[in-house]
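A quick write-up on the structure given underneath.
Number of protein chains: 2
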Amino acid sequence: MARIPSETAVNDLVQSVGLLIRRIRAAVASNELSLSEMSVLARLSREDPATTADLARAEGVKPQSMGTTVAALEDGGYIERTPHPTDGRQMLLAPTAKGLALRTSSRAAKRTWLAHAISQLDKADQETLFAAGEIMRKLVDRDPR
Amino acid sequence: MARIPSETAVNDLVQSVGLLIRRIRAAVASNELSLSEMSVLARLSREDPATTADLARAEGVKPQSMGTTVAALEDGGYIERTPHPTDGRQMLLAPTAKGLALRTSSRAAKRTWLAHAISQLDKADQETLFAAGEIMRKLVDRDPR
DNA sequence: TATTGTTATACTCTATAACTATA
DNA sequence: TATAGTTATAGAGTATAACAATA
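Line order of the protein sequences matches chains A and B.
At position 74 of the first sequence (counting the first as 1) the number is 74 in our numbering, and the numbers step up by one without a gap.
At position 90 of the second sequence (counting the first as 1) the number is 90 in our numbering, and the numbers step up by one without a gap.
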């Protein structure tokens with residue numbers, strides 16, 4: 001426990017967070033995929049095939065919202081769906097060759113604006129930033145809607 | 001300078017930032033105004049009357065985008081516009097009594113979900129969080145679009 | 001020419017509600 | 001009943017483009 005933060009401190013923090021996420025979106029938008037889509041494609045590329053519901057839980061959005069993202073990725077040919085072997089309700093999602101190619105293209109990784117910008121920070125700032133990421137998660141988890 | 005962060009560290013950070021801003025939006029949505037609108041109203045309440053262009057610069061959005069936010073606030077009767085005394089192009093924006101009432105209602109301030117959640121963190125986490133806010137700003141400012 | 005502001009249009013992201021199919 | 005997924009609809013937030021008025 002500490003104290004209640006000043007209103008301007010909170011406002012500044014919210015603005016910083018908003019600016020950063022907009023800046024990230026703008027940077028990603030120069031690629032073929034949007035930020036949400038890239039995030040899901042990245043997850044499917046490094047983890048096992050997953051269902052829409054799995055992805056929604058992992059990304060912290062509603063299943064219907066994830067349905068939209070997943071549909072866009074499938075329309076673009078970046079992921080494909082196969083029926084679950086035993087559960088007829090589920091569809092397993094996995095990256096296609098096209099999806100993997102976009103991901104593994106070293107250019108895509110190196111061009112990530114945020115990774116590059118962070119690499120220019122000194123070590124202390126990097127550590128503060130990533131530590132704050134976990135604190136943000138604590139805030140959200142502690143008091144979910 | 002430090003090193004290039006791992007991709008998963010960056011992805012986790014982006015997700016944390018996204019989760020937090022969504023959580024904040026959801027919390028604010030229970031009030032009469034949206035997050036963008038509250039932010040602008042707060043600024044006009046603590047600073048001098050400003051133009052749409054001023055506000056756009058201060059909040060880091062395009063003037064057209066700010067025009068939308070400002071129009072919503074004016075439609076709701078939270079702010080009002082008066083012509084600039086010497087510059088015929090400009091309209092000065094200031095809160096109305098209704099806008100100030102919403103702002104100064106202590107309930108509005110105390111009910112801010114984020115301020116409350118932050119108050120429950122220990123002092124070290126609070127400091128890390130606010131320090132990270134400034135680092136995020138550095139990231140955005142260092143390499144603007 | 002530059003700036004302020006407006007209007008039109010569109011995209012991203014996400015949500016809620018209502019529904020079907022399967023477990 | 002609970003879960004997975006789909007479809008429809010809506011709202012917040014922001015952007016780009018094109019324009020008129022004023023500086």
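Ideal Cβ positions, reconstructed from N, Cα and C, are used throughout, including at glycine.
The residues 51 and 84, in chain order, have a CB closer than 6 Å to that of residue 90 of chain A in the same chain once the five nearest residues on each side in sequence are set aside.
Put simply, the CB of residue 123 of chain A is near chain B, with a gap under 8 Å to one of its CB atoms. For residue 57 of chain B, no Cβ of chain A is located within less than 8 Å of the residue's own Cβ. As the crow flies, the alpha-carbon of residue 11 of chain A is around 20 Å from that of residue 131 of chain A. Burial state of residue 141 of chain B is exposed, judged by a 10 Å Cβ sphere holding fewer than 16 other Cβ atoms. If you keep only unbroken alpha helix (DSSP H) runs of at least 4 residues inside the region 23–82 of chain B, you get 35–46, 52–59 and 63–75.
About 7 Å separates the Cβ atoms of residue 102 of chain A and residue 32 of chain A, confirming a contact at the 8 Å cut-off.
Within the model, the alpha-carbon separation for residue 64 of chain A versus residue 22 of chain B is close to 16 Å. For the pair residue 134 of chain A and residue 120 of chain A, the Cα-to-Cα distance works out to about 21 Å.
If you draw a straight line from the Cα of residue 73 of chain B to the Cα of residue 41 of chain B, it is about 8 Å long. Residue 132 of chain A has a beta carbon lying within less than 8 Å of a beta carbon in chain B.
About 25 Å separates the CB atoms of residue 2 of chain A and residue 15 of chain B; that is not less than 8 Å, and the two are not in contact. Residue-level contact check: residue 139 of chain A touches chain B, since one or more beta carbons of chain B fall below 8 Å from its beta carbon.
Under the DSSP assignment, residue 92 of chain A falls in the beta strand (DSSP E) whose first and last residues are 91–95.
Not flagged as an interface residue toward chain A: residue 87 of chain B, since no C-beta distance is shorter than 8 Å. The residue among B:118, B:62, B:70 and B:113 with its C-alpha nearest the C-alpha of residue 25 of chain B is B:113. Going by beta carbons, residue 93 of chain B and residue 70 of chain B fall inside the 8 Å limit. If you draw a 10 Å sphere on the C-beta of residue 43 of chain B, you find 16 or more other C-beta atoms in it, and that means buried. Straight-line measurement puts the Cα of residue 97 of chain B at about 9 Å from the Cα of residue 77 of chain B. Taking 8 Å as the threshold, the shortest C-beta distance from residue 50 of chain A to chain B does not fall below it. Within the same chain, 45 come within 7 Å of residue 100 of chain A by CB-CB distance, once the 5 residues on both sides are set aside. Identification of chain A residues near residue 128 of chain B by a Cβ-Cβ cut-off of 7 Å yields 128, 131, 132 and 135, ordered along the chain. One alpha carbon belongs to residue 36 of chain B, the other to residue 38 of chain A, and they sit about 26 Å apart.
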